[in-house]
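> The number in the numbering used here is simply the position in the sequence shown, starting from 1, with 3 added.
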Amino acid sequence: MEPTEPITIRASKDIINQIDTLAAGMDRSRNYVLNQAIQQYLAYHHVLHRKIEQGLNDVKEGRLTAADDVMKEVRSHRARRRT
Numbered sequence: 004m005e006p007t008e009p010i011t012i013r014a015s016k017d018i019i020n021q022i023d024t025l026a027a028g029m030d031r032s033r034n035y036v037l038n039q040a041i042q043q044y045l046a047y048h049h050v051l052h053r054k055i056e057q058g059l060n061d062v063k064e065g066r067l068t069a070a071d072d073v074m075k076e077v078r079s080h081r082a083r084r085r086t
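(1) Where does Ser15 sit, in a helix, a strand or coil, going by DSSP?
(2) Within 10 angstroms of the Cβ of Val36, are there 16 or more other Cβ atoms? Answer buried if so, exposed if not.
(3) To the nearest angstrom, report how far apart Thr24 and Lys63 are at their CA atoms.
(4) Can you give the beta carbon distance from Ala26 to Ser32, rounded, assuming they're within the 8 angstroms contact cut?
(5) In this structure, does DSSP put Asp30 in helix, strand or coil?
(6) Just how far apart, CA to CA, sit Gly58 and Ala14?
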């Protein structure tokens, strides 16, 4: 197990109550719930950052699709789903 370090955060009573309610319902500690939330937050933002970087690279390389073409494809896809 990776060593841990204590941190301190400030949160509203409402958020703390929600965390405690979730922890109790899961039969887990507040610490467990917060660590899970932080891990999920970091993973989400890591993926988001990669996608933004990919999009910026696509722009630099000229890999773009006109908005009108995208909308035509969306409408075509929706029409196929209705049939």
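From the three backbone atoms N, C-alpha and C, an ideal C-beta is built for every residue, glycine too.
A quick note: this is a predicted structure, and the numbers were derived from the prediction, not measured.
Let me lay it out:
(1) coil
(2) buried
(3) 47 angstroms
(4) 6 angstroms
(5) coil
(6) Their backbone Cα atoms lie some 34 angstroms apart in a straight line.
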